[in-house]
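Trainee: Structure below; questions to follow.
Numbering (this note's numbering), first residue to last: 20 to 336.
Now the structure itself:
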């Protein structure tokens with residue numbers, strides 16, 4: 020039976036959006052088996068949602084201290100199922116997922132492709148490289164090829180099934196484990212998560228100040244129910260917090276709509292958002308490189324245009 024494994028991303032008893040994308044992408048290999056890692060009982064609130072998304076089997080890999088350890092519990096869980104029954108493995112791309120993928124590849128003697136934007140039934144994968152300027156197809160060997168999937172690259176398409184739930188215990192912590200002694204989660208605002216948002220409004224150096232981010236960029240994002248992003252220049256100048264930086268050294272996004280305000284369009288920024296479905300650029304420099312990839316470009320003063328745009332959007336609600 021053809022199948023594939025996906026590592027479930029979850030928090031506070033909820034399946035995170037990236038998991039739906041992983042399950043949808045993995046469907047080209049056959050049945051999708053979702054691997055949930057956490058404390059005993061972690062799978063109970065997650066299994067129904069995973070079934071709705073299309074996971075035919077839910078493996079619950081548990082340990083009492085799983086939530087206090089990093090990387091190795093997930094690596095151990097995926098290694099356990101794939102070593103017994105080899106198949107392709109999909110993991111959410113990012114620092115955490117890529118480290119798990121690397122460790123797992125070494126254990127399974129299989130190749131790994133990071134930050135892919137799609138996978139194929141023949142086990143090849145699509146990758147968007149060199150700042151998303153070149154599309155390539157790549158393949159790796161091994162009985163369990165591993166892929167980390169770029170968030171937002173695949174649209175989640177639910178395919179409801181009734182999942183079979185199977186539980187097993189994780190190996191006990193060893194001297195190799197890193198233990199979390201304390202954890203303070205970042206304060207979560209009302210806006211959607213930047214990496215998963217369907218609408219992203221980003222500001223660059225042309226926004227000119229942190230105050231203008233609050234009075235110009237944020238109101239437009241809120242009017243559209245979107246997230247706020249920033250360029251590296253804007254972050255370095257102290258206009259906005261570093262965790263909202265979009266680009267090669269920041270967050271990669273692929274929303275339905277990306278609006279760039281006062282952004283020139285350096286390749287480092289474009290590489291983190293070029294796969295957006297629609298790109299709108301507002302800039303007073305008509306020669307800004309960003310206009311070259313824009314679906315709609317507006318040459319003008321963003322400080323005059325954006326407040327009028329926000330007012331018009333709110334009037335039409």
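Glycine residues also receive a C-beta, built at the ideal position from the N, C-alpha and C atoms. Here the structure is a predicted model, which means the values were calculated and not measured.
Considering Cα atoms alone, identify which of 331, 153, 252, 177 is closest to residue 293.
Mentor: One-based indexing of the chain shown puts residue 293 at position 274. Residue 153 is the option with its Cα nearest to residue 293.
Trainee: In angstroms with no decimal places, state the Cα-to-Cα distance between residue 103 and residue 299.
Mentor: Here residue 103 refers to the residue found at position 84 when the chain shown is read from its first residue. Here residue 299 refers to the residue found at position 280 when the chain shown is read from its first residue. Between the alpha carbons of residue 103 and residue 299 lies a distance of about 49 Å.
Trainee: Would you call the stretch 162-181 in contact with the stretch 106-118, where contact means no fewer than 3 C-beta pairs closer than 8 Å?
Mentor: Yes, the stretch 162-181 touches the stretch 106-118.
Trainee: Tell whether a beta-carbon distance below 8 Å holds between residue 308 and residue 284.
Mentor: To locate residue 308, count along the chain shown from 1; it is residue 289. To locate residue 284, count along the chain shown from 1; it is residue 265. Between residue 308 and residue 284, the CB-CB gap stays under 8 Å.
Trainee: Let's test the definition: count the other Cβ atoms within 10 Å of the Cβ of residue 174 and tell me whether it reaches 16, buried, or not, exposed.
Mentor: Here residue 174 refers to the residue found at position 155 of the chain shown. Exposed, because fewer than 16 other Cβ atoms sit within 10 Å of the Cβ of residue 174.
Trainee: On the three-state DSSP scale, how would you describe residue 145?
Mentor: Numbered from its first residue, the chain shown carries residue 145 at position 126. Here residue 145 sits in strand by DSSP.
Trainee: Do the CB positions of residue 56 and residue 199 come within less than 8 Å of each other?
Mentor: To locate residue 56, count along the chain shown from 1; it is residue 37. To locate residue 199, count along the chain shown from 1; it is residue 180. Cβ distance not < 8 Å, so residue 56 and residue 199 don't count as in contact.
Trainee: Assuming the contact rule is C-beta atoms closer than 8 Å, residue 272 and residue 192 should be a hit. Round their C-beta distance to whole Å, please.
Mentor: What you label residue 272 is simply residue 253 of the chain shown in a count that begins at 1. What you label residue 192 is simply residue 173 of the chain shown in a count that begins at 1. 35 Å between Cβ atoms; not a contact.
Trainee: Per the contact definition of three or more C-beta pairs closer than 8 Å, is the stretch 224-233 in contact with the stretch 255-262?
Mentor: yes
Trainee: Who are the near neighbours of residue 297 in its chain, counting only those whose CB is closer than 6 Å to its CB and skipping five residues on each side?
Mentor: Start at 1 with the first residue of the chain shown, and residue 297 comes out as number 278. Only 276, 314 meet the Cβ criterion.
Trainee: Can you say whether residue 163 is buried or exposed, counting buried as having 16 or more other CB atoms within 10 angstroms of its CB?
Mentor: Against the chain shown, residue 163 aligns to sequence position 144. Buried is the call here.
Trainee: Starting from the N-terminal side, write out each stretch of the alpha helix (DSSP H) that is 4 residues or longer and does not extend beyond the stretch 24-88.
Mentor: 36-45, 66-72
Trainee: Would residue 220 and residue 197 be called neighbours here (beta carbons separated by less than 8 Å)?
Mentor: Translated into positions along the chain shown, residue 220 becomes position 201. Translated into positions along the chain shown, residue 197 becomes position 178. No; because the gap between Cβ atoms is not below 8 Å, this pair is not in contact.
Trainee: Just grab the DSSP bridge partners of residue 17 for me.
Mentor: In the structure as shown, the chain begins at 20 and stops at 336. Residue 17 is therefore absent and cannot be evaluated.
Trainee: Can you tell which of 222, 278, 181 has its C-alpha closest to the C-alpha of residue 66?
Mentor: The residue given as residue 66 occupies position 47 in the chain shown. Comparing Cα positions, the closest option is 181.
Trainee: Could you tell me if residue 148 is buried or exposed, where buried requires 16 or more neighbouring beta carbons within 10 angstroms of its beta carbon?
Mentor: Against the chain shown, residue 148 aligns to sequence position 129. That one is exposed.
Trainee: Relative to the C-alpha of residue 134, which candidate in 288, 171, 141, 160 has its C-alpha closest?
Mentor: Taking the first residue of the chain shown as position 1, residue 134 is located at position 115. For residue 134, the closest C-alpha among the options 288, 171, 141, 160 is that of 171.
Trainee: Give me, in chain order, the residues of the same chain whose beta-carbon lies closer than 6 Å to that of residue 130; leave out the 5 immediate sequence neighbours on both sides.
Mentor: Reading the chain shown from its first residue, position 111 is the one you call residue 130. The residues are 159, 160, 161, 164.
Trainee: Which of helix, strand or coil does DSSP assign to residue 183?
Mentor: Taking the chain shown and counting its residues from 1, one reaches residue 183 at position 164. Residue 183: strand per DSSP, three-state reduction.
Trainee: With DSSP collapsed to three states, give me the class of residue 140.
Mentor: Looking up residue 140 in the chain shown gives position 121. Note: residue 140 maps to coil in three-state DSSP.
Trainee: Along the beta strand (DSSP E) that carries residue 154, what are the first and last residues, could you check?
Mentor: Within the chain shown, the letter at position 135 stands for residue 154. Taken as a continuous stretch (DSSP letters only), the beta strand (DSSP E) holding residue 154 covers 153-157.
Trainee: Provide the residue span of the beta strand (DSSP E) that contains residue 111, from first to last.
Mentor: By 1-based counting over the chain shown, the position of residue 111 is 92. It spans 108-111 - the beta strand (DSSP E) in which residue 111 sits, taken as one unbroken run.
Trainee: Unbroken beta strand (DSSP E) runs of length 3 or more, entirely within the stretch 215-269: which are they?
Mentor: 218-222, 246-249
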